[in-house]
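*Asks:* I have a structure here, written as structure tokens, and I will follow up with some questions on it.
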Amino acid sequence: MKDFDLLAILLKPEFGDMLLHGLRGHPEDRGRLLAAGDDHGRSCCWWCGSRRTAIAERTVAAYVSYHRNVPTLVQLMLWYFGIFSLLPDALQAWLSEHNAETLLSIVALGLCQAAYFSEDMRSGLRAIPAGQAEAARALGHGYIGSMRHVMLPQAIRNAVPALVNHSVSLFKNSSLAMAIGVAELTHAVKEIESQSFRTFEAYSVATVLYLAFSLLIMAVGAWVARRYRIVGAR
Amino acid sequence: MFSIFEILRDNWLLLLVGQYPNGPLGGIVATLILSVLGIVLAFPLSVLLALARLSPWTPAALCPPRCWSTSCAACRC
Numbered sequence: 000m001k002d003f004d005l006l007a008i009l010l011k012p013e014f015g016d017m018l019l020h021g022l023r024g025h026p027e028d029r030g031r032l033l034a035a036g037d038d039h040g041r042s043c044c045w046w047c048g049s050r051r052t053a054i055a056e057r058t059v060a061a062y063v064s065y066h067r068n069v070p071t072l073v074q075l076m077l078w079y080f081g082i083f084s085l086l087p088d089a090l091q092a093w094l095s096e097h098n099a100e101t102l103l104s105i106v107a108l109g110l111c112q113a114a115y116f117s118e119d120m121r122s123g124l125r126a127i128p129a130g131q132a133e134a135a136r137a138l139g140h141g142y143i144g145s146m147r148h149v150m151l152p153q154a155i156r157n158a159v160p161a162l163v164n165h166s167v168s169l170f171k172n173s174s175l176a177m178a179i180g181v182a183e184l185t186h187a188v189k190e191i192e193s194q195s196f197r198t199f200e201a202y203s204v205a206t207v208l209y210l211a212f213s214l215l216i217m218a219v220g221a222w223v224a225r226r227y228r229i230v231g232a233r
Numbered sequence: 000m001f002s003i004f005e006i007l008r009d010n011w012l013l014l015l016v017g018q019y020p021n022g023p024l025g026g027i028v029a030t031l032i033l034s035v036l037g038i039v040l041a042f043p044l045s046v047l048l049a050l051a052r053l054s055p056w057t058p059a060a061l062c063p064p065r066c067w068s069t070s071c072a073a074c075r076c
């Protein structure tokens with residue numbers, strides 16, 4: 000171990016050039032090699048693969064990263080105080096007449112939860128053996144047909160436990176909408192508490208109600224998971 | 000302990016629907032509406048996002064200028 004000196008490798012010009020050469024690679028060589036070895040309908044070359052991921056995958060990854068890493072409360076505030084003010088006047092007026100707080104909360108919470116749900120769905124899709132998609136194609140389904148009739152029904156079944164988990168999460172996060180003026184359960188409890196000065200009792204009521212509805216959602220989710228489970232799945 | 004039941008007895012309508020019909024709909028009904036509509040919005044969007052993330056589709060305009068295989072499913076070029 001005493002002879003271990005990484006800098007001796009990295010700082011030596013010829014070794015540095017060799018490493019950089021290896022990192023950079025030659026797309027043309029790599030493409031030819033992959034084209035010769037891979038004829039199963041996958042990405043044929045490094046170039047195509049990188050261009051493919053650059054569009055849809057990276058856009059969705061950015062969307063998911065934003066919604067997972069920014070607090071939900073901040074997202075609600077951004078929608079209510081930020082994006083709302085950028086909307087056209089007519090739309091602002093319409094929203095103000097139709098309970099803008101609730102509508103924007105639904106949009107903010109829905110978009111945020113879609114990021115979590117999409118990861119659940121992605122894991123559900125990736126859990127399906129590749130042979131299923133190939134079999135659907137062999138039966139004459141196109142991409143949309145194979146997704147609709149073969150892949151998605153199985154993916155949703157695979158993802159049900161995670162979807163239920165995140166649905167409970169959404170139910171609990173709905174209490175954050177109080178911050179932008181939605182008069183939901185936590186808001187009502189806060190009102191009761193400020194009228195009666197019985198803090199412990201008021202929040203105990205909220206705790207019991209949230210717990211009861213969360214357990215109800217979990218029970219429904221468990222029933223759905225049992226009812227639609229894939230035969231043979233553990 | 001009895002205070003909890005008193006609070007429920009005195010404020011059950013506020014807990015259920017908030018100030019409605021004299022004000023906006025609130026309480027547990029508003030919470031459930033937020034949750035259900037949030038899920039209704041999130042689920043179809045999540046399916047599209049998941050498919051977009053795994054989809055092999057690439058717009059033709061973004062196809063690379065040269066491809067080395069005739070069976071490339073990634074760019075269809």
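Residue numbers (numbering that gives the first Met the number 0), protein chains in the order written: chain W, 0 to 233; chain G, 0 to 76.
Every residue gets a Cβ at the ideal spot worked out from N, C-alpha and C, and that includes glycine.
Computed from a predicted model, the values in this text were never measured in an experiment.
Would N10 of chain G count as contacting chain W if we go by Cβ distances under 8 Å?
*Replies:* In the second sequence, residue 10 of chain G corresponds to position 11, counting from 1. True, the Cβ-Cβ gap to chain W drops below 8 Å.
*Asks:* Run down chain C in chain order and give the residues with a C-beta less than 7 Å from the C-beta of P23 of chain G.
*Replies:* The chain labelled as chain C is not found among the protein chains of the depicted structure, namely W and G.
*Asks:* Given Q18 of chain G, which residues of its chain have a CB within under 7 Å of its CB, disregarding the five upstream and five downstream residues?
*Replies:* As a first step, residue 18 of chain G is located in the second sequence; it is residue number 19 there, counting from the start. Here the set comprises G25.
*Asks:* Let me see if you follow: with CB-CB separation under 8 Å, is G141 of chain W close to chain G or not?
*Replies:* Position 142 of the first sequence, counted from the start, is the residue given in the question as residue 141 of chain W. No, its Cβ sits nowhere closer than 8 Å to a Cβ of chain G.
*Asks:* Under 8 Å between the Cβ atoms of L44 of chain G and S173 of chain W?
*Replies:* The residue you call residue 44 of chain G lines up with position 45 of the second sequence. The residue you call residue 173 of chain W lines up with position 174 of the first sequence. Cβ atoms of L44 of chain G and S173 of chain W: not closer than 8 Å.
*Asks:* How would you write the range of the alpha helix (DSSP H) that N68 of chain W sits in, first residue to last?
*Replies:* Within the first sequence, residue 68 of chain W is the residue found at index 69, counting from 1. Where N68 of chain W is concerned, the enclosing alpha helix (DSSP H) stretches over 57–68.
*Asks:* Helix, strand or coil, according to DSSP, for L86 of chain W in the structure here?
*Replies:* Indexing the first sequence from 1 puts residue 86 of chain W at position 87. In the structure shown, L86 of chain W sits in coil (DSSP, three-state: anything other than H, G, I, E or B).
*Asks:* Measure the alpha-carbon distance for A7 of chain W versus H20 of chain W and round it to whole angstroms.
*Replies:* Within the first sequence, numbered from 1, the residue matching residue 7 of chain W stands at position 8. Within the first sequence, numbered from 1, the residue matching residue 20 of chain W stands at position 21. Approximately 18 Å, taken between the alpha carbons.
*Asks:* Please report the distance separating the alpha-carbon of G220 of chain W from that of M17 of chain W.
*Replies:* Your numbering for residue 220 of chain W matches position 221 in the first sequence. Your numbering for residue 17 of chain W matches position 18 in the first sequence. Each residue's alpha carbon lies about 56 Å from the other.
*Asks:* Could you check whether S122 of chain W and A158 of chain W sit closer than 8 Å to each other, using their CB atoms as the reference points?
*Replies:* Walking along the first sequence from the start, residue 158 of chain W turns up at place 159. Walking along the first sequence from the start, residue 122 of chain W turns up at place 123. Yes; because the gap between Cβ atoms is below 8 Å, this pair is in contact.
*Asks:* Report back the beta-carbon spacing between H66 of chain W and F116 of chain W to the nearest angstrom; my notes put them in contact at under 8 Å.
*Replies:* Within the first sequence, residue 66 of chain W is the residue found at index 67, counting from 1. Within the first sequence, residue 116 of chain W is the residue found at index 117, counting from 1. Not a contact, Cβ separation roughly 10 Å.
*Asks:* Taking contact to mean at least 3 C-beta pairs separated by less than 8 Å, is the segment 146–154 of chain W in contact with the segment 107–116 of chain W?
*Replies:* Flag = no, the segment 146–154 of chain W and the segment 107–116 of chain W do not touch.
*Asks:* Identify, in the order they occur along the chain, each residue of the same chain with its Cβ nearer than 7 Å to the Cβ of W78 of chain W, setting aside the five sequence neighbours on each side.
*Replies:* Numbered from its first residue, the first sequence carries residue 78 of chain W at position 79. Excluding residues within five positions, the ones whose Cβ falls inside 7 Å are L103, V106, A107.
*Asks:* Residue range of the alpha helix (DSSP H) that W78 of chain W falls in?
*Replies:* Numbered from its first residue, the first sequence carries residue 78 of chain W at position 79. It is not in any alpha helix (DSSP H) - W78 of chain W carries neither H nor E in the DSSP assignment.
*Asks:* Between T198 of chain W and E192 of chain W, which are expected to be in contact by the criterion C-beta below 8 Å, what is the C-beta distance as a whole number of angstroms?
*Replies:* Your numbering for residue 198 of chain W matches position 199 in the first sequence. Your numbering for residue 192 of chain W matches position 193 in the first sequence. About 5 Å; that satisfies the 8 Å criterion.
*Asks:* Would you mind telling me which residues of chain G sit closer than 9 Å to M17 of chain W, beta carbon to beta carbon, in chain order?
*Replies:* Numbered from 1 along the first sequence, position 18 holds the residue referred to as residue 17 of chain W. The contacting residues do not exist; M17 of chain W stays about 25 Å from chain G at best.
*Asks:* Reducing DSSP to helix, strand and coil, say where L10 of chain W ends up.
*Replies:* Residue numbering aside, residue 10 of chain W sits at position 11 when the first sequence is read from its first letter. The answer is coil: DSSP assigns L10 of chain W none of H, G, I, E or B.
*Asks:* Compute the Euclidean distance between the alpha carbons of V28 of chain G and V16 of chain G, then round it to the nearest angstrom.
*Replies:* Here residue 28 of chain G refers to the residue found at position 29 of the second sequence. Here residue 16 of chain G refers to the residue found at position 17 of the second sequence. Going from the Cα of V28 of chain G to the Cα of V16 of chain G covers about 6 Å.
*Asks:* Beta-carbon of R228 of chain W versus every beta-carbon of chain G: anything under 8 Å?
*Replies:* Position 229 of the first sequence, counted from the first residue, corresponds to residue 228 of chain W. Not closer than 8 Å to any Cβ of chain G, the Cβ of R228 of chain W fails to qualify, so no.
*Asks:* Within the same chain, show all residues whose beta-carbon is closer than 8 Å to that of A48 of chain G, passing over the 5 residues directly before and after it, in chain order.
*Replies:* Position 49 of the second sequence, counting from 1, holds the residue named residue 48 of chain G. Just to set this straight, residue 48 of chain G is Leu in the shown sequence, not Ala. Closer than 8 Å at Cβ, skipping near neighbours: no residue.
*Asks:* From L214 of chain W to F170 of chain W, what does the alpha carbon distance come to, in whole angstroms?
*Replies:* Working through the first sequence from its first residue, we reach residue 214 of chain W at position 215. Working through the first sequence from its first residue, we reach residue 170 of chain W at position 171. In a straight line, the C-alpha of L214 of chain W is about 11 Å away from that of F170 of chain W.
*Asks:* Compute the Euclidean distance between the alpha carbons of L13 of chain G and E200 of chain W, then round it to the nearest angstrom.
*Replies:* Counting from 1 along the second sequence, the entry for residue 13 of chain G is found at position 14. Counting from 1 along the first sequence, the entry for residue 200 of chain W is found at position 201. Taken atom to atom, the span from the alpha-carbon of L13 of chain G to that of E200 of chain W is near 15 Å.
*Asks:* Could you check if G81 of chain W is buried or exposed, using at least 16 other CB atoms within 10 Å of its CB as the buried criterion?
*Replies:* In the first sequence, counting from the first residue as 1, residue 81 of chain W sits at position 82. It counts as exposed.
*Asks:* Sort out for me which residues DSSP pairs G130 of chain W with in a bridge.
*Replies:* Taking the first residue of the first sequence as 1, we reach residue 130 of chain W at position 131. Bridge partners of G130 of chain W: none, in fact.
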